[in-house]
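These notes are about the structure you will find just below.
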Amino acid sequence: MSKLNKDILFLIFEELKDDKDSLFSSILVNKNWCEVAIPILWKDPWKNLIKERLLLETVVSFLTNESRDYMISHGLNLLIKPDKPPLFNYISFCRYLNLHKLERIIYTIRNIKEEIKWSMISEEIFKLFINKNNRFTHLIIPYGYKRQIQYLSGFEHCFSELESLRCDVKTNQGFLNGLAQVCKSIKKLVVNVRVINKPGIIDLIEAQTKLEDVRFVFDLMTRRIDDILFYRICGKSLVKRANTIRHLQVNNELIPNLSSYVNLISLEIGTHEHNASWNNLENVSLPSLRILKAHKVPTNILVNFIENNKGILLEIKISDISFEVHTKKLIQAIYNNCPNLQYLELIINDDDILELENLLINCRHLDGLILNVFNINTDEMGWDRLFEILIKRASKNLFKFKFIHRTTIKFEALKNFFENWKNRKPMLLHFIEMFHLSSKHLSLIESFKKKGIIKIFYHDKFSYGFDDFEWIKTVSYTHLDVYKRQILYI
Numbered sequence: 444m445s446k447l448n449k450d451i452l453f454l455i456f457e458e459l460k461d462d463k464d465s466l467f468s469s470i471l472v473n474k475n476w477c478e479v480a481i482p483i484l485w486k487d488p489w490k491n492l493i494k495e496r497l498l499l500e501t502v503v504s505f506l507t508n509e510s511r512d513y514m515i516s517h518g519l520n521l522l523i524k525p526d527k528p529p530l531f532n533y534i535s536f537c538r539y540l541n542l543h544k545l546e547r548i549i550y551t552i553r554n555i556k557e558e559i560k561w562s563m564i565s566e567e568i569f570k571l572f573i574n575k576n577n578r579f580t581h582l583i584i585p586y587g588y589k590r591q592i593q594y595l596s597g598f599e600h601c602f603s604e605l606e607s608l609r610c611d612v613k614t615n616q617g618f619l620n621g622l623a624q625v626c627k628s629i630k631k632l633v634v635n636v637r638v639i640n641k642p643g644i645i646d647l648i649e650a651q652t653k654l655e656d657v658r659f660v661f662d663l664m665t666r667r668i669d670d671i672l673f674y675r676i677c678g679k680s681l682v683k684r685a686n687t688i689r690h691l692q693v694n695n696e697l698i699p700n701l702s703s704y705v706n707l708i709s710l711e712i713g714t715h716e717h718n719a720s721w722n723n724l725e726n727v728s729l730p731s732l733r734i735l736k737a738h739k740v741p742t743n744i745l746v747n748f749i750e751n752n753k754g755i756l757l758e759i760k761i762s763d764i765s766f767e768v769h770t771k772k773l774i775q776a777i778y779n780n781c782p783n784l785q786y787l788e789l790i791i792n793d794d795d796i797l798e799l800e801n802l803l804i805n806c807r808h809l810d811g812l813i814l815n816v817f818n819i820n821t822d823e824m825g826w827d828r829l830f831e832i833l834i835k836r837a838s839k840n841l842f843k844f845k846f847i848h849r850t851t852i853k854f855e856a857l858k859n860f861f862e863n864w865k866n867r868k869p870m871l872l873h874f875i876e877m878f879h880l881s882s883k884h885l886s887l888i889e890s891f892k893k894k895g896i897i898k899i900f901y902h903d904k905f906s907y908g909f910d911d912f913e914w915i916k917t918v919s920y921t922h923l924d925v926y927k928r929q930i931l932y933i
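Residue numbers (my numbering): 444 to 933.
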């Protein structure tokens, strides 16, 4: 095994790219293993970064004598020169550039108060990343970023093959314009929208030819009178790329012509307007659509959309709907039109529990279920009926549950749920709550974990750190992980 050639090792290590423990261990096997594993580990050094200062010391070890002399001449003799050069040109292996984390590691340097000295240090460190020897495929630009790195030598070479960009509409417009000139093949674009009427992002969209995944993440607290103009112009730019876009997360006003996105696989759509028009969703059929996530979309609009996309949806998330229109029709639309559904998040109240039974009967491929329990009181029979239906009607495939609840779950109903889950696949269970579970509830859950009824249990107020249909986090860190990262920077 230790004598495998580098091509085979590379294929193996690529499969292990998310298994940092195995990769860290592999660099200690022999020289060949180390030479193959190090570039993979350094592809994204910002991910799960623990030792910021240690990463900074590694980065500054690549400063040239000329750069050091320049800083020393300006009273900046604080960056220690290594006794020997690094074993690898680590920075050249980077394909991900996170400007927020790069700025953070620079600011781990202490005792500098003059802004001009900070600028001097930052510029020299940035030159180590932005030059003709490096090429990035993924770029993250933080909120309100103002640094003008488009003027650094090698900027065009560094970003000419960019595939993924996360930025903000308030990002320095010169920077975005510079990217628009050199980046033509971005596949994934994530835009945080806070301050509107910034044309740089529109020019960037216009320049792309391979857009596949576009996500506009809106700050619902920010709203300006001229938003609608931004939506209109940006929507026209997006629709020109409709044939290539497979994944779309947008505010409703950005897609007046949703039917043009014929190759769409996933759609996440919402609004923060109370009186939004939803004509763009009416009578629309998207033959490739598999995933639908809807926020504040009226129930009748959702029913119509689900009926027009009969039989193809595999994943549905519905959040923040109004109970002015009864949700029974929505649940009926799902189980009558989505027989192959695998994951579902739904808001239910006490009146919807019996319709949930019909859903479980008809959607036999469900693997994960998230129930946002809106109005079930502890002292009533709602929790009893809910858990009885899950026990009675849940298919053998269904074992992943998340309960989002605003009241304490009835203890006896929960206990009965666990006791009757015997001889089934051990459940993955999350409680996302407005009120903490009592110690009695937690002791009950722990006892059924020991019995093997519950495999994974997690509870929190907001489910931070988990994606919508994610129940297990595979990455955890110990003191041993920190030690391994120290090895990495040698």
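All residues carry an ideal CB built from backbone N, CA and C; glycine is no exception.
Inter-segment contact for the region 599-609 and the region 571-589 is present: three or more beta-carbon pairs are separated by less than 8 Å. Annotation: the continuous beta strand (DSSP E) that includes Tyr539 extends over 539-541.
Under the 10 Å beta carbon count, Asp450 is surrounded by fewer than 16 other beta carbons and is classified as exposed. About 6 Å separates the CB atoms of Leu809 and Ser838; that is less than 8 Å, so the two are in contact.
For Phe846, the three-state secondary structure derived from DSSP is strand. Judged by beta-carbon spacing, Ile899 lies beyond the 8 Å limit of Ile888, meaning their Cβ atoms are not closer than that value. Beyond the five residues adjoining it in sequence on each side, Trp864 comes within less than 6 Å, by CB distance, of Ile896 in the same chain, given in chain order. According to the DSSP assignment, Met824 belongs to no beta strand (DSSP E), since it is labelled neither H nor E. Distance from the CA of Val693 to the CA of Gly713, rounded to the nearest whole angstrom, comes to 7 Å. Spatial neighbours of Lys490 in its own chain (CB-CB distance under 6 Å, excluding positions within 5 residues in sequence) are not present. Separation of the CB atoms of Arg637 and Lys653 is rounded to 27 Å, and the pair is thereby denied contact status at 8 Å. Asn801 sits close to Tyr778, with the two beta carbons spaced by under 8 Å. Here Glu711 carries a strand assignment [DSSP, helix/strand/coil]. Inclusion of Lys772 and Val740 in the CB contact set at 8 Å is not warranted, their separation being larger than that value. Taken through DSSP and simplified to helix, strand or coil, Asn700 comes out as coil. Per DSSP, the beta bridge partners of Val693 are Ile712. DSSP, read as helix, strand or coil, puts Tyr901 in strand. Nearest to Leu608 by alpha-carbon distance, out of Lys560, Asn541, Glu558, is Asn541. For Gly518, the CB contacts under 8 Å within the same chain, skipping 5 residues up- and downstream, are Lys560 in chain order. In the DSSP assignment, the residues bridged to Glu788 are Lys760, Ile813. The region 476-494 makes no contact with the region 504-518; the number of CB pairs closer than 8 Å stays below 3. Residue pairing for Ile583: DSSP places it in a beta bridge opposite Asn541, Arg609. Straight across, the Cα-Cα distance linking Ile759 with Val705 is about 19 Å.
In the DSSP assignment, Arg684 forms no beta bridge with any residue. The closest CA to that of Glu725, considering only Ile698, Ser709, Ile774, Val682, is found on Ile698.
The beta carbons of Tyr786 and Gly825 sit no closer together than 8 Å. Judged by DSSP secondary structure, Asp656 falls within the beta strand (DSSP E) whose first and last residues are 656-661. Of Ser702, Phe661, Pro782, Leu789, the smallest CA-CA separation from Phe748 is found for Ser702. When DSSP states are grouped into helix, strand and coil, Val746 belongs to the helix group. Here the region 580-600 makes contact with the region 614-621; the two share three or more CB pairs at distances below 8 Å. Ala685 is not a Cβ neighbour of Ala650, given a cutoff of 8 Å. For Gly587, the closest C-alpha among the options Glu567, Asn635, Cys677, Ser596 is that of Asn635. Taking 8 Å as the cut-off, the beta carbon of Val816 is found no closer than this to the beta carbon of Ile774. Cβ-Cβ distances below 8 Å link Lys858 to Leu887 in the same chain, with the five nearest sequence neighbours on each side left out; the list follows chain order.
Remark: C-beta atoms of Pro529 and Thr507 do not approach each other more closely than 8 Å.
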